[in-house]
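In what follows, a structure is listed as structure tokens, so that the remarks can point back to it.
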Amino acid sequence: MQATLEVATDGRGSYEITSRVSDVVARSGVDRGLVNIFIQHTSASLFISENADPVVRKDLEAFMSRTVPDGDPLFRHTAEGPDDMPAHVRSVLTDCNLSVPVMSGRLGLGTWQGIFVWEHRHARHCRRLVVTVQEAK
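Next up, the structure:
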């Protein structure tokens with residue numbers, strides 16, 4: 001089964017999508033297999049992380065802001081502003097796709113794990129994700 005999800009972002013930050021991916025897995029009827037989530041963008045990414053304490057995501061953003069700052073004079077690609085090239089670097093350093101096992105018809109995530117879209121641009125965007133659920137043979 002394959003589904004497309006749209007995630008509206010309010011700008012830079014992380015947005016949990018675990019329940020939306022879980023819904024796709026449930027609709028698929030797959031009991032045991034693998035779900036792949038792919039984001040169709042070059043300035044946003046995906047990650048799996050702690051979903052109980054939102055401070056973890058703020059700390060990740062603080063780390064990334066220090067590692068890849070906006071307006072760094074190193075970057076020449078600034079067609080869409082000072083966050084343009086940093087957003088591309090951030091997405092290359094993280095993931096554009098994730099795979100999670102499907103176990104007993106549910107996501108095989110750990111107790112404190114969640115799936116997130118990481119928006120790297122400051123402006124609002126509508127991000128498209130392709131979710132593919134494959135059954136194990």
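The C-terminal residue of the sequence shown carries number 137 in our numbering, and the numbering is unbroken. Don't be surprised by glycine CBs; every beta carbon is placed ideally from N, CA and C.
Discussion item. Which complete alpha helix (DSSP H) runs does the region 11–56 hold, if anything under 4 residues is left out?
Written reply: List check, alpha helix (DSSP H) in window: 18–28.
Worksheet item: What are the residues that DSSP puts in a beta bridge with Gly108?
Response: Paired residue(s): none; Gly108 is not in a bridge.
Worksheet entry | 8 Å contact criterion, which Val102 and Val25 should meet: CB distance rounded | Yes, Val102 and Val25 are in contact; Cβ-Cβ is about 6 Å, under 8 Å.
Worksheet item: Below 8 Å, can you find three or more Cβ-Cβ pairs linking the region 35–54 to the region 110–120?
Response: With a cut-off of 8 Å, the region 110–120 and the region 35–54 count as touching, because enough Cβ pairs lie within range.
Worksheet item: Is the CB-CB distance between Leu46 and Cys126 below 9 Å?
Response: Going by C-beta atoms, Leu46 is not nearer than 9 Å to Cys126.
Worksheet item: Under 9 Å, do Val56 and Arg90 count as touching if we go by C-beta distance?
Response: Not closer than 9 Å, so no.
Worksheet item: Thinking just about the alpha-carbon of each residue, which of Arg121, Phe63, Ser65 and Thr18 is nearest to the one in Thr111?
Response: Closest option to Thr111, Cα to Cα, is Thr18.
Fill in: Residues of its chain near Thr4, where Cβ-Cβ distance is below 8 Å and the 5 sequence neighbours each way are ignored
The residues are Arg128, Leu129, Val130 and Val131.
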